[in-house]
Amino acid sequence: LSYRPDGERPPEMIDVMSAARLNRLFLACCDRVGTERGVEWTGGSCVVDTDGWIIAERSRRDAGLIRADADLSLAGDKRLNEHNDVLADRRPEFYGALTKR
1393 LSYRPDGERP PEMIDVMSAA RLNRLFLACC DRVGTERGVE WTGGSCVVDT DGWIIAERSR
1453 RDAGLIRADA DLSLAGDKRL NEHNDVLADR RPEFYGALTK R
């Protein structure tokens, strides 16, 4: 287990929050709790909404199920605002050089 300042969430949860926001998706992060073979697991289980905010989580020491209500139709809307759309703003013509072998 790496150092984490008091009151901060595990890095795994921060990564999931970022991925959910960037892709406008609901995401679930399932992490282990407790100690196994001398390793203390992070316990960063959570459900994150399309804006990247945690809508359900478990504490580091609290094993069990998490539940969250999620309107999955919201994940179909890829607009961040009136000027930014995750899918419509892509520029695939720039990807060609990266994908050719």
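For what it's worth, my numbering labels the leading residue of the sequence shown as 1393, then goes sequentially. Using N, Cα and C, we set each Cβ at its ideal position, and we do this for glycine too.
- Counting Cβ pairs closer than 8 Å, one from the segment 1405-1416 and one from the segment 1436-1448, do we hit at least three? yes
- Message: Between which residues of its own chain and residue 1467 is the CB-CB distance below 8 Å, once the five residues before and five after are set aside?
- Response: 1416, 1417, 1418, 1442
- In terms of residue numbering, what span does the alpha helix (DSSP H) encompassing residue 1408 cover? Unbroken alpha helix (DSSP H) run through residue 1408: 1403-1415.
- Task: Tell me, please, which residues DSSP counts as bridged to residue 1440.
- Result: 1419, 1446
- Would you tell me roughly how many angstroms separate the C-alpha atoms of residue 1424 and residue 1430, rounded to the nearest one? 14 Å
- Task: Could you tell me which of 1445, 1447, 1428, 1422 sits nearest to residue 1435, measuring between CA atoms?
- Result: 1422
- Could you pull out every residue in the same chain whose Cβ sits closer than 7 Å to the Cβ of residue 1482, ignoring the five residues on either side in sequence? Contacts found: none.
- Item | Burial state of residue 1402, where buried means 16 or more other Cβ atoms lie within 10 Å | buried
- What is the rounded straight-line gap between the Cα of residue 1407 and the Cα of residue 1400? 13 Å
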